[in-house]
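Protein chains in written order, with my numbering: chain A, 12 to 123; chain B, 88 to 202.
All residues carry an ideal CB built from backbone N, CA and C; glycine is no exception.
In structure tokens form, the structure reads like this:
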């Protein structure tokens, strides 16, 4: 029972490079979320999805794109990485309103 | 728009004492849910407790209880008989009831349990 799995766990990028973070869940959840965590800032929502084929902007969407082509996967893309995107990224999923979100183990991204 | 405010950046509590972590929220929704998560130093996010806005009783889960005061828009987490393993970061979060509502987190409170 894997739950929510994020790939990769660690990554170092050079400024201007692109990359995609993969989130996969095996719980048949409708909702999926991408957050970033920075010291003193808590978790801030980047983008989220309320179902397959849908995406919506969160609190800090600039510089990121997402796709939800399959229900179980939610991809977060950085087209041109910047040092300000150095952070820990968390993916989460939930079944429906009134239920908790389950989190992945996080991805530590450093942009140099 | 929804907002969570956690005013205590850090707290130090003696082991075995009870501790209250503050959380106030702002929302225009009539129906919403409030969550608390724990993040130990290992980094994973652990769900602790949930309170629905129309729940008549305060939620409890083992040593965790949620002091929900709807009129004051507060949802404080109470940990009874604190243990060393309770040392962690604690996040309060809110979620509206509309289909496209997201889960918004506060900035967190770092709790240190002293032996």
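Exercise for the section: With hydrogens ignored, establish whether the beta-carbon of residue 42 of chain A is closer than 8 Å to any heavy atom of the ligand ATP. Expected result: This structure does not include the ligand ATP; it has no bound ligands of any sort.
Handout entry: Beta-carbon proximity of residue 193 of chain B to residue 110 of chain B, cut-off 9 Å
Key = By 1-based counting over the second chain, the position of residue 193 of chain B is 106. By 1-based counting over the second chain, the position of residue 110 of chain B is 23. Yes, these two residues count as a Cβ contact at 9 Å.
Practice task
For residue 30 of chain A, return the contacting residues in chain B, with the cut-off set at a CB-CB distance below 7 Å.
Solution key: As a working mapping, residue 30 of chain A is identified with position 19 in the first chain. Chain B residues near residue 30 of chain A: none, gap ~20 Å exceeds 7 Å.
Exercise for the section: Just confirm the distance between the C-beta atoms of residue 27 of chain A and residue 91 of chain A, as a whole number of angstroms; I'd bet it's less than 8 Å. Expected result: Start at 1 with the first residue of the first chain, and residue 27 of chain A comes out as number 16. Start at 1 with the first residue of the first chain, and residue 91 of chain A comes out as number 80. About 5 Å separates the two Cβ atoms, so the contact holds.
Problem - Option in B:191, B:176, B:168, B:164 with minimal Cα separation from residue 127 of chain B - result: Residue numbering aside, residue 127 of chain B sits at position 40 when the second chain is read from its first letter. Nearest C-alpha to residue 127 of chain B: B:176.
Practice task
Please report the residue range of the beta strand (DSSP E) in which residue 165 of chain B lies.
Solution key: Here residue 165 of chain B refers to the residue found at position 78 of the second chain. Counted as a single uninterrupted DSSP element, the beta strand (DSSP E) harbouring residue 165 of chain B occupies residues 161-166.
Exercise for the section: Measure the beta-carbon distance from residue 120 of chain B to residue 109 of chain A and round it to whole angstroms, keeping in mind my assumption that it falls under 8 Å. Expected result: Sequence index remark: in the second chain, residue 120 of chain B carries index 33 (1-based). Sequence index remark: in the first chain, residue 109 of chain A carries index 98 (1-based). Indeed they touch by this definition, with Cβ atoms about 6 Å apart.
Problem - Proximity of residue 86 of chain A and residue 34 of chain A at Cβ, strictly below 9 Å - result: If you number the first chain from 1, residue 86 of chain A lands on position 75. If you number the first chain from 1, residue 34 of chain A lands on position 23. Contact flag set, yes.
Problem - Nonlocal neighbours in the same chain, by C-beta distance under 8 Å from residue 29 of chain A, ignoring five residues either side - result: On the first chain, residue 29 of chain A is found 18 positions in, with the first residue counted as 1. Annotation for residue 29 of chain A: 88, 89, 90, 91, 92 place their beta carbon closer than 8 Å to its own, counting only its chain and skipping 5 residues before and after.
Handout entry: Supposed contact pair residue 134 of chain B and residue 111 of chain A - C-beta distance, whole angstroms, cut 8 Å
Key = For this step, residue 111 of chain A is matched to residue 100 along the first chain. For this step, residue 134 of chain B is matched to residue 47 along the second chain. Rounded, the Cβ-Cβ distance is 4 Å, consistent with contact.
Problem - beta strand (DSSP E) segment containing residue 45 of chain A, residue limits - result: For the purposes of this step, residue 45 of chain A is taken as the residue at position 34 of the first chain. That run of the beta strand (DSSP E) goes 42-49.
Problem - Chain-ordered chain B contacts of residue 116 of chain A [CB-CB under 8 Å] - result: As a working mapping, residue 116 of chain A is identified with position 105 in the first chain. Chain B residues near residue 116 of chain A: 130, 131.
Practice task
With distances taken Cα to Cα, identify the nearest neighbour of residue 118 of chain A among B:139, B:131, B:108.
Solution key: In the first chain, residue 118 of chain A corresponds to position 107, counting from 1. Taking each of B:139, B:131, B:108 in turn and checking the Cα distance to residue 118 of chain A, the smallest one comes out for B:131.
Handout entry: Partner residues on chain A for residue 187 of chain B, Cβ-Cβ distance less than 7 Å
Key = As a working mapping, residue 187 of chain B is identified with position 100 in the second chain. Listed along chain A are 61, 67, each with a C-beta nearer than 7 Å to that of residue 187 of chain B.
Exercise for the section: Measure from the C-beta of residue 194 of chain B to each C-beta in chain A and report whether the shortest distance is under 9 Å. Expected result: Here the question's residue 194 of chain B lines up with position 107 in the second chain. Yes, because at least one Cβ of chain A sits closer than 9 Å to the Cβ of residue 194 of chain B.
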